[in-house]
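Trainee: Numbering-wise (this note's numbering), the sequence shown opens with residue 89 and increments by one.
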Amino acid sequence: MVSLAVVLAGWLVSLVIRVGFIRSASEAEASDFFVRKSMDAAYSLPHGRNFKSWFVPDGQTPVGLPAGVAQLPLGHHDLRDRDLQVRVAKGGGGTLYIVYDQDRIDRLMYAYAVLPVALGLAAVFAVSLLTYRVSKRLVTPVNWLAREVAAWDPRQPNIDALAPHRLPPDIGSGEARQLAKALHTLGERVESFVARERNFTRDASHELRTPLTVIRVAADLLEAERELSARGERSLRRIQRASRDMEAVIDAFLILAREADIEPQAEHFAVSEIIDEEVDKVQPLLEGKPVALRVIKDANPELHAPSRVLAVMVGNLLSNACQYTDQGDIEVRIGKDRVTVRDTGIGMSRETLQRAFDPFYRADQDTGGMGLGLSVVRRLGERFGWPVVLESVPGSGTLATIQFAP
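1) Please go through the same chain and pick out, in chain order, the residues whose beta-carbon is closer than 8 Å to the beta-carbon of A251, but skip the five residues on each side of it.
2) Bridge partners for D417 per DSSP, in chain order?
3) Would you list the one or two residues that DSSP bridges to H294?
4) Just verifying my parser: in three-state terms, what is the DSSP assignment at L501?
5) In three-state DSSP terms, what is E315?
6) Work out the CA separation of W474 and T486 for me, nearest whole Å.
7) Using DSSP with H/G/I as helix, E/B as strand and the rest coil, what is W474?
8) Output needed for K424: all residues of its chain with C-beta closer than 8 Å, excluding positions within five of it in sequence on either side, in chain order.
9) Looking only at DSSP bridge pairs, what is I327 linked to?
10) Determine the burial state of G148: buried for a count of at least 16 other Cβ atoms within 10 Å of its Cβ, exposed for fewer.
11) By how many angstroms is the C-alpha of R137 removed from the C-alpha of R181?
12) Pick out whichever of R443, R426 and E419 has its Cα sitting closest to the Cα of G433.
13) Is the CB-CB distance between D308 and R396 below 7 Å?
14) Tell me which same chain residues have a C-beta within less than 8 Å of the C-beta of V477, skipping the five on either side of it?
15) One question on the structure: do A345 and T289 come within less than 7 Å of each other, judged by their Cβ atoms?
16) Report the partner residues of E355 according to the DSSP bridge assignment.
17) Expressed to the nearest angstrom, what Euclidean distance is found between the alpha-carbon atoms of V302 and L296?
18) Can you tell me which of T428, R304 and L374 puts its alpha carbon nearest to the alpha carbon of V359?
19) Taking all protein chains shown into account, decide if F213 is buried (16 or more other Cβ within 10 angstroms of its Cβ) or exposed.
20) Count the CB pairs spanning the region 175-193 and the region 110-124 that are closer than 8 Å, and state whether there are at least three.
21) Taking the straight line between their C-alpha atoms, what separation do you get for N408 and A264?
22) For the beta strand (DSSP E) holding I186, just list the boundary residues, first then last.
23) So, is R235 buried or exposed, given that buried needs 16 or more other C-beta atoms within 10 angstroms?
24) Where does K224 land, buried or exposed, given buried means 16+ other C-beta within 10 angstroms?
25) Among V151, I186 and Q415, which has the Cα closest to the Cα of A113?
26) Measuring only the C-alpha atoms, how far is L207 from V237?
27) Between the C-alpha atoms of I363 and A399, what's the straight-line distance to the nearest angstrom?
28) What residue range does the alpha helix (DSSP H) around I110 cover?
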């Protein structure tokens, strides 16, 4: 590329000098000569290192001119076969011949034009090559680190390659090595965090289920007793429902704690069965309220997923609807690809609606609610491809929709 650039630059400079510069210079020399000769008949002919001139008075025979020049007509002539440039001009009682030595001009052109351009281009090439080598030397370690980190598995990052004693020689001892050390430390922290999460998931599954199992077994034994009063039976049923709810919540949290590519245990179930169970659970929340809770079954879809996940999602939405509806009605509608929960409660403002899914956010600080439950509902929906959408108008109620994946 550099050689091509030098050749092209030399050709352009040669063309400009041959066609433009010499033509203009010869014309100026001729004009100046005739002006000065008109003022001084003895004015000498112009001469230079690169050209010679002859003045032939009218009627005389040219002497000393290069062969063939005397026969040229008026004007400028480029004799490429002889490396000559000739200007023939008429004036002052004769004919002026100015002959330029193109070969000498070409040598001067090379010395003062092509050579500096070539040296400049060579310098640019050398600087570019040096810059490329230096930048490559600086960037190569960073690219290597980027490839190593990109290949990490978040569940089990391979940080051994970034250990100080395993780094390749081109990492050196500068910023790249410091970056490698920082990434190695980060990998160790991520590895430790993942291990803690796994241990928590395993331990929580055991430690939380054990007391719940005890509660459920004890409740079943109490249910077999015949001396329980009506009040005791109602309390027993609440204990049984609460233990089942706690098991469902624990399952939901454990599912969220697992990696996305680890599928939880799924089952085939009818959506209407889950809805009926959750509606029955929230009935006590409406005691003493003039609120009608009804279920409309436009379809009876079936899903293949953990049934307790849908139970937790619907249960949270129903609990919120019951909590914030003092009168009117709550309607649960089962469609072919969705479940909607509509209430005529207090509704939510635009600001509250925007933050309803934020963890620990409460729309009403006095009564709680609208907090962690809705956050869990959204996260479970995202986990299983069941997006949850809330629509609400203050004073008119709220519409919650769970859209099932096709």
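Where a beta carbon is used, it is the ideal one built from N, C-alpha and C, also for glycine.
Mentor: Let me spell this out:
1) H272
2) A380
3) Beta-bridge pairing links H294 to no other residue.
4) Shown here, the chain extends from 89 to 494; a query on residue 501 therefore has no answer.
5) coil
6) 19 Å
7) coil
8) D386, A387 and P389
9) DSSP, once it has assigned bridges, lists no residue as partnering I327.
10) For the record, residue 148 in the displayed sequence is Gln; it is not Gly. Classification of Q148: exposed, given that the 10 Å Cβ count is below 16.
11) Residue identity differs from the one stated: residue 181 is Gly in this sequence, not Arg. One C-alpha to the other measures close to 27 Å.
12) E419
13) no
14) A488, T489 and Q491
15) yes
16) A393
17) 11 Å
18) T428
19) exposed
20) yes
21) 54 Å
22) G182 to D189
23) exposed
24) exposed
25) I186
26) 45 Å
27) 7 Å
28) I110 to M127
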